[in-house]
Each structure stands twice: as structure tokens, then as C-alpha cells.
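Here the structure is laid out as C-alpha cells; the discussion comes afterwards.
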Amino acid sequence: MFKDDIDRLRAMGLERTLTARTSKQGPRIVMEGREYINFASNDYLSLASDPRLLSAAGEAVMRYGAGGGASRLLGGGCEAHACLERKLADFKRAEAALFFASGYAANTGAIAALAGRGDAIFSDELNHASIIDGCRLSRAVTHIYRHRDLDHLGRLLAASGAARRLVVTDTVFSMTGELAPVDRIYKCCEAHGAMLYLDDAHGTGVLGAGHGALEHFGLSVQPWLIQMGTCSKALGTQGAFIAASADVVRWLINKARSFIYSTAPSPAIVAAAAAAIDAVTPELVARLWANQALATEALGTPSDTPIIALGTASCTLEVAAALLARGIYAPAIRPPTVPEALIRITVTAGHAPEDIAELGRAVREALK
Ligand SMILES: *Cc1c(COP(=O)(O)O)cnc(C)c1O
Numbered sequence: 210m211f212k213d214d215i216d217r218l219r220a221m222g223l224e225r226t227l228t229a230r231t232s233k234q235g236p237r238i239v240m241e242g243r244e245y246i247n248f249a250s251n252d253y254l255s256l257a258s259d260p261r262l263l264s265a266a267g268e269a270v271m272r273y274g275a276g277g278g279a280s281r282l283l284g285g286g287c288e289a290h291a292c293l294e295r296k297l298a299d300f301k302r303a304e305a306a307l308f309f310a311s312g313y314a315a316n317t318g319a320i321a322a323l324a325g326r327g328d329a330i331f332s333d334e335l336n337h338a339s340i341i342d343g344c345r346l347s348r349a350v351t352h353i354y355r356h357r358d359l360d361h362l363g364r365l366l367a368a369s370g371a372a373r374r375l376v377v378t379d380t381v382f383s384m385t386g387e388l389a390p391v392d393r394i395y396k397c398c399e400a401h402g403a404m405l406y407l408d409d410a411h412g413t414g415v416l417g418a419g420h421g422a423l424e425h426f427g428l429s430v431q432p433w434l435i436q437m438g439t440c441s442k443a444l445g446t447q448g449a450f451i452a453a454s455a456d457v458v459r460w461l462i463n464k465a466r467s468f469i470y471s472t473a474p475s476p477a478i479v480a481a482a483a484a485a486i487d488a489v490t491p492e493l494v495a496r497l498w499a500n501q502a503l504a505t506e507a508l509g510t511p512s513d514t515p516i517i518a519l520g521t522a523s524c525t526l527e528v529a530a531a532l533l534a535r536g537i538y539a540p541a542i543r544p545p546t547v548p549e550a551l552i553r554i555t556v557t558a559g560h561a562p563e564d565i566a567e568l569g570r571a572v573r574e575a576l577k
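Here the working numbering is used: position 94 in the sequence shown is 303, and no number is missing along the way.
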């Protein structure tokens with residue numbers, strides 16, 4: 210069963226397989242006995258292996274145990290969860306926050322709790338798969354607006370008679386690295402009386418001195434604004450959160466199925482995520498952006514974020530293989546994740562200038 214199906218994918222060059230790293234995550238990793246310079250992680254601040262996070266995780270395990278043991282509503286949460294949620298709310302300048310086991314769980318659970326039958330969702334066509342799945346689970350009518358197209362969004366909002374309208378966008382599009390026009394979307398939602406849900410997975414720890422897209426665009430929190438962020442990217446750990454008004458958080462505690470029907474995340478990751486927030490300083494974020502500037506320069510490819518999408522026409526897999534042979538891990542991203550295959554380079558605070566110079570040389574060589 211499924212052998213023919215998977216063989217067909219392989220024949221099309223679309224079969225995905227797993228790698229097993231034997232080192233910590235970071236700017237340099239070891240796979241199958243060889244060291245690579247790693248340009249594939251979302252560990253933007255190189256916190257995944259930071260000793261402060263490791264000891265926070267270790268201490269929490271010794272104090273609260275290895276697993277949550279139950280859902281949050283049935284005693285699975287401990288004071289580490291409450292402490293993290295307070296920190297996350299403050300970090301996002303919001304009234305309250307709620308922690309989820311993953312970004313995927315946060316988007317599917319929260320979006321489906323915020324919009325239901327009879328409501329309308331307005332979603333950018335390049336939004337993350339977890340948003341798309343959240344829209345489907347919600348049973349609301351979903352209007353897909355053209356990528357970053359405010360005129361289209363405005364027309365759809367004006368034409369909708371739904372009582373509750375929720376606009377959803379990635380702040381940083383995860384595969385192309387483009388920024389959403391969050392300031393214009395915010396104004397549009399304000400004008401139309403719609404709620405705005407920002408997926409700040411790649412903005413948290415990266416934009417706005419680390420606080421995220423809202424801070425980057427100089428916008429303030431609102432009762433109609435919901436910020437989602439992840440701890441699995443720049444914060445180096447796992448899990449995600451919704452930062453919003455206290456009422457929205459109370460609603461999600463009661464209605465978000467991925468929160469209710471799932472075991473409380475392990476105290477280890479909760480405590481490590483709290484340590485990560487303490488570790489986000491303007492200096493660390495500035496180091497990330499200094500490396501981002503070096504990398505866009507070295508590659509001759511502009512980007513507004515640490516994600517640099519390298520178009521390589523039809524030879525993406527060959528370029529990725531050439532980079533790998535040279536000790537650089539920057540794999541190809543293929544359909545259906547993106548419409549056209551590309552090499553997705555992510556720069557982190559921990560890369561040395563020599564790593565980035567080597568990336569530039571290797572890409573030029575591979576493209577020949
Ligand atoms: C990675 C990502 C998610 C999912 O977060 P996980 O914590 O990895 O489950 C959600 N939205 C966007 C935009 C992402 O890039």
C-alpha cells in the first residue's frame with residue numbers, strides 16, 4: 210500500500226526524506242559524520258543551544274517533572290506556564306497570553322475558536338499551511354485575498370455582510386521572506402471594524418528589536434487585535450502563543466480545541482522559552498541584522514528579513530546538492546510548500562562573517 214504513490218513522487222523529484230543531526234542545532238551542525246554551515250534553521254538568534262536555556266530546561270525538569278501529565282485544564286500546567294504567559298504578554302505589550310504546544314496548534318485552535326459558521330475570514334493567499342487549516346476547521350466562509358493586495362482585501366471586506374470578520378496574515382511570509390504591509394492592513398481592519406490576527410512566527414525575536422511586527426510598524430495593541438507568535442523559531446525552543454486581550458484569552462481557554470484536548474507542554478520547554486525571552490536583547494537582535502546585511506550583500510539578493518529566497522530557475526535541486534557537497538546546508542523547498550522550487554537561506558545571529566562569505570562564494574560557484 211502506497212508504494213506506487215510514493216514511487217511516483219520520487220520519480221517527479223518530490224519525495225521528501227528526513228535527516229538526523231548528531232549535534233545541537235546551531236550555525237554549524239553535524240549530519241552523517243560531516244560538519245555543515247547551517248543556513249536552514251529558523252533559530253534566528255542562535256538560542257536553541259544557549260546555555261541559559263539549557264539550564265532553565267534542566268532545572269524545570271528536576272522541579273516539575275519531565276512531562277505535563279495532563280491538559281492545562283486538568284492540572285497539567287504549573288507555575289512555569291503561568292510565568293511564561295505573563296512574560297509573553299508583556300513582551301508583546303498585550304493584556305494576556307496563552308501558550309500552545311506548537312504554532313500549528315495555535316493557528317488551528319485559535320482561528321477556529323475566533324470565527325465560526327456565519328462568520329467570515331479574509332486570508333492572504335500565501336499564508337502558512339497552519340492558517341489555511343485553521344480556516345478550514347473554523348467552518349467560516351474564507352475569502353482568499355491576493356498576496357499583500359490591500360485593494361483586494363478592502364473590496365472583499367466591504368462586500369461581506371458577516372457579523373464577525375477576521376483578517377489573517379503572516380507578518381513575514383515564511384518561504385519568500387517578504388514583509389506583509391501590516392500597517393496598511395491594520396488601518397484597513399480599523400476602518401472596516403474587522404478583527405486582525407497576525408501570525409508573527411518569523412517576526413517574534415526578529416522585528417521591532419525582537420518584540421515583533423507590531424513594534425516594527427509602530428502600532429499599538431487593540432481589543433480587536435490578536436498576535437500569534439512562536440517560541441520554536443527565534444526563541445529557540447518549542448510551542449507558540451496567542452497574545453491578546455484578557456477576554457480573548459479567556460475565550461480561547463474555553464474554546465480552542467488544540468489547547469483543551471492536548472497535554473500541557475513540558476515544563477522543560479516552558480522554562481526554556483521563558484529564559485529565551487530574557488535573552489532577547491537589542492544587541493543580540495542587532496547581531497542578527499548585521500549578518501542579514503552581510504548575507505544579502507554576499508548573495509546579491511535583497512530581502513527585508515533574515516529569510517533570503519534564492520530563485521535558481523529549474524536547477525534548484527542541483528544547486529542544493531552542490532552547496533551540500535561544499536559543506537553548506539541550505540536545502541531546496543519544493544512544491545507544494547512553494548509554487549516554484551527555491552533555495553531558502555536563513556541567516557542567524559550566530560553565523561560568523563566567514564560563514565556568510567563562504568555561502569556567497571559557494572552560491573556563485575553552484576550557479577555557474
Ligand atoms: C513555523 C510556522 C508556524 C508553525 O509553528 P510551529 O511552532 O513550527 O508549529 C506557523 N505559522 C508560520 C508563519 C510559520 O512559519
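The beta carbon of each residue, even a glycine, is placed where N, CA and C say it ideally should be.
Those residues that have a beta carbon less than 6 Å away from any non-hydrogen atom of ligand 1 are, in order along the chain, SER311, GLY312, TYR313, ASN316, HIS337, SER339, ASP379, SER383, ASP408, ALA410, HIS411, THR439, SER441, ALA449. For TYR273, same chain residues with a beta-carbon under 7 Å away, outside a window of 5 residues either side, are CYS287, ALA289, PRO476 in chain order. Separation of the CB atoms of ALA322 and TRP460 is rounded to 7 Å, and the pair is thereby assigned contact status at 8 Å.
Counting only unbroken stretches of 3 or more residues, no beta strand (DSSP E) element lies wholly within the region 307 to 332. In this structure, the CA atom of ARG219 is about 36 Å from the CA atom of ASP358.
The beta carbons of LEU256 and ALA488 sit closer together than 8 Å.
Residue environment: PHE211 is assigned as exposed (fewer than 16 neighbouring CB atoms within 10 Å of its CB, all protein chains considered).
For ARG261, the enclosing alpha helix (DSSP H) begins and ends at 260 to 273. Nearest to GLU241 by alpha-carbon distance, out of THR557, LEU533, ASP564, is LEU533. Per the coordinates, the alpha-carbon of ALA502 lies some 35 Å from the alpha-carbon of MET404. Here the alpha carbon of SER332 sits roughly 29 Å from the alpha carbon of THR472.
The C-beta distance from GLN436 to ALA452 rounds to 4 Å, short enough to meet the 8 Å contact threshold.
Taking PHE426 as the centre and dropping the five residues before and after it, the same chain places the C-beta of VAL391, ASP392 closer than 6 Å to its C-beta, in chain order. Taken atom to atom, the span from the alpha-carbon of ILE353 to that of ALA314 is near 21 Å.
Assignment of beta-bridge partners to SER280 by DSSP yields THR472. In the pairwise beta carbon analysis, the region 213 to 227 is classified as not touching the region 500 to 519: fewer than three pairs are separated by under 8 Å. In the three-state reduction of the DSSP assignment, ALA484 falls in the helix class, which pools H, G and I. For the set LEU576, LEU493, GLY445, PRO491, the Cα lying nearest the Cα of SER523 is the one of LEU576. In this structure, DSSP gives GLY343 a helical state, which the three-state scheme calls helix. Secondary structure within the region 410 to 466: the beta strand (DSSP E) runs of 3 or more consecutive residues, fully enclosed, are 434 to 439, 449 to 453 (chain order). Residues of the same chain with a CB within less than 6 Å of the CB of ARG302, apart from the 5 flanking positions on each side, are VAL430 in chain order.
Per DSSP, ARG573 is one residue of the alpha helix (DSSP H) stretching across 562 to 576. In the three-state DSSP reduction, TYR253 falls in the coil class, being neither helix nor strand. Judged by DSSP in its simplified three-state form, ALA400 adopts helix. Rounded to whole angstroms, PHE309 and THR413 show a C-alpha spacing of 15 Å. Shown here for ALA465: same chain residues with a beta carbon closer than 7 Å to its own, the five before and five after excluded, namely GLY318, ALA319, ALA322 in chain order.
Rounded to the nearest angstrom, the gap between the Cα atoms of ALA306 and THR380 is 18 Å. Taking the Cα positions, GLU268 is about 18 Å away from LEU444. DSSP places ALA338 in the helix class (H, G or I) of the three-state scheme. For the set ALA531, HIS356, LEU362, the Cα lying nearest the Cα of ARG374 is the one of LEU362. Within 10 angstroms of the beta-carbon of ASN336 lie 16 or more other beta-carbons, which makes it buried.
Counting every other CB atom within 10 Å of its CB across the protein chains shown gives GLU506 a total below 16, marking it as exposed.
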